[in-house]
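Enquirer:
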Amino acid sequence: MKDIKSYIAENKVPNHIAIIMDGNGRWAKLKGKPRVFGHKNGVTAVREVIEGCGEIGVNYLTLYAFSTENWNRPALEVKTLMSLLVSSLKKELKTLQKNNIKLNAIGNINLLPEKVNIELTEVIEKTKNNTALTLTLALSYGSRDEIVNVIRNISKKVVNNQIKIEEINENIINNHLYTFSLPDVDFMIRTSGEKRISNFLLWQLAYAEMYFSDTLWPDFRKENLFEAIIDYQNRERRFGKISEQIEKINE
Ligand code: FPP
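Numbers 36 to 286, taken from the numbering used here, label the letters of the sequence shown in order.
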């Protein structure tokens, strides 16, 4: 049988993929293990999707690693997730460099424990000149929190006469989001069968295609990613236009 990757059209690879990595807890429970076992095994899936994106030339990959709501989880789970981040960042720096991957973070990073913050800042700094794939980790991220911040920051500029109210447009809003340096998301994947956005990139997903996989995150592999991308490539993105207009643009 032909390798699934060979069915991917090179000229239609999504530029920016965002993933809600869901199902770690359920995966662990099915195995009779504590929830944190699922998170630990989720790291393998993270590596797989990064590698897969690299192989087919995706430029931006954004992973929902920790939401503003996740702070409300049991203390031990939060602690394990934070330790996992530190150890993964330490372990993966070499691989990021070797594969020309630039690390980026979005969210209320100041709320993260100092250890995570230090490690994160170091890896971001060391990989800042890499050009193949931009890997963004959403950490202590919530889209509503992000939008509140945008409104506060733009309002301050209005009060200080740096921006006029009439000048506020989509571009100015984009430039004040945590994602100011990233393009819009083309393709959003959520694993584990849940069909929700859960406060993830509400503004940035405006025209994204959505894909919901029943696979639990720790089981997600490159092949699952490629299957999702093939599904994406068979869709028609109309951005509010009609089919005939899109066909004209593509002519
Ligand atoms: C959701 O599953 C997953 C998370 C809240 C954390 C994701 C973290 C990782 C995959 C590990 C570390 C990440 C990096 C970037 C190194 P869940 O716990 O909500 O699962 P459930 O819905 O089955 O309970």
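Every residue gets a Cβ at the ideal spot worked out from N, C-alpha and C, and that includes glycine.
For a minimum of 3 consecutive residues, which ranges assigned as the beta strand (DSSP E) are wholly contained in the stretch 115-165?
Expert: Counting only runs of 3 or more, we get 136-141.
Enquirer: Going straight from the alpha carbon of residue 283 to that of residue 273, what length do you get?
Expert: For residue 283 and residue 273, the distance between alpha carbons rounds to 12 Å.
Enquirer: When every heavy atom of ligand 1 is checked, does at least one fall within less than 7 Å of the C-beta of residue 57?
Expert: True, at least one ligand heavy atom lies under 7 Å from that Cβ.
Enquirer: Hey, could you find the ends of the alpha helix (DSSP H) residue 63 is sitting in?
Expert: Segment 59-65, the alpha helix (DSSP H) holding residue 63.
Enquirer: Tell me the residue span of the alpha helix (DSSP H) that contains residue 99.
Expert: Looking at the DSSP string, residue 99 is not in any alpha helix (DSSP H); the run it does join, the beta strand (DSSP E), is 95-102.
Enquirer: At a cut of 8 Å, does the stretch 42-61 reach the stretch 95-106 through at least three beta carbon pairs?
Expert: In short, these stretches touch, since the Cβ pair count reaches three.
Enquirer: DSSP three-state label for residue 172, please.
Expert: If DSSP states are grouped into helix, strand and coil, residue 172 belongs with the strands.
Enquirer: Relative to the C-alpha of residue 111, which candidate in 70, 45, 128 has its C-alpha closest?
Expert: Checking every option, the nearest Cα to that of residue 111 belongs to 70.
Enquirer: Pick helix, strand or coil for residue 242, following the three-state DSSP scheme.
Expert: Three-state DSSP puts residue 242 in coil, outside helix and strand.
Enquirer: Among 119, 196, 269, 157, which has the Cα closest to the Cα of residue 81?
Expert: If we check each option's Cα against that of residue 81, 119 comes out closest.
Enquirer: Around the C-beta of residue 242, are 16 or more other C-beta atoms found within 10 angstroms, so that it is buried, or is it exposed?
Expert: So residue 242 counts as exposed.
Enquirer: Tell me which residue opens and which closes the beta strand (DSSP E) that residue 53 is part of.
Expert: Start and end: 51-55.
Enquirer: Can you name, in chain order, every residue of its own chain whose Cβ lies under 7 Å from the Cβ of residue 74, other than the five neighbours on each side?
Expert: Once the five neighbours on either side are set aside, the close Cβ partners of residue 74 are 59, 115, 116, 119.
Enquirer: Judging by CA-CA distance, which residue of 91, 178, 130, 39 is the nearest neighbour of residue 161?
Expert: Among 91, 178, 130, 39, the Cα nearest to that of residue 161 is on 130.
Enquirer: Beta-carbon within less than 6 Å of residue 105's beta-carbon, same chain only, minus the 5 sequence neighbours each way: which residues are those?
Expert: No residues qualify anywhere along the chain.
Enquirer: What is the DSSP secondary structure of residue 256, reduced to helix, strand or coil?
Expert: If DSSP states are grouped into helix, strand and coil, residue 256 belongs with coil.
Enquirer: Below 8 Å on the Cβ atoms is my contact criterion, and I expect residue 155 with residue 124 to pass it. Report the Cβ-Cβ distance as a whole number of Å.
Expert: At roughly 6 Å, the Cβ-Cβ gap stays under 8 Å, so residue 155 and residue 124 are in contact.
Enquirer: Kindly identify the DSSP beta-bridge partner or partners of residue 187.
Expert: None, per the DSSP bridge assignment.
Enquirer: Please classify residue 239 as buried or exposed, where buried requires at least 16 neighbouring CB atoms within 10 angstroms.
Expert: Residue 239 comes out buried.
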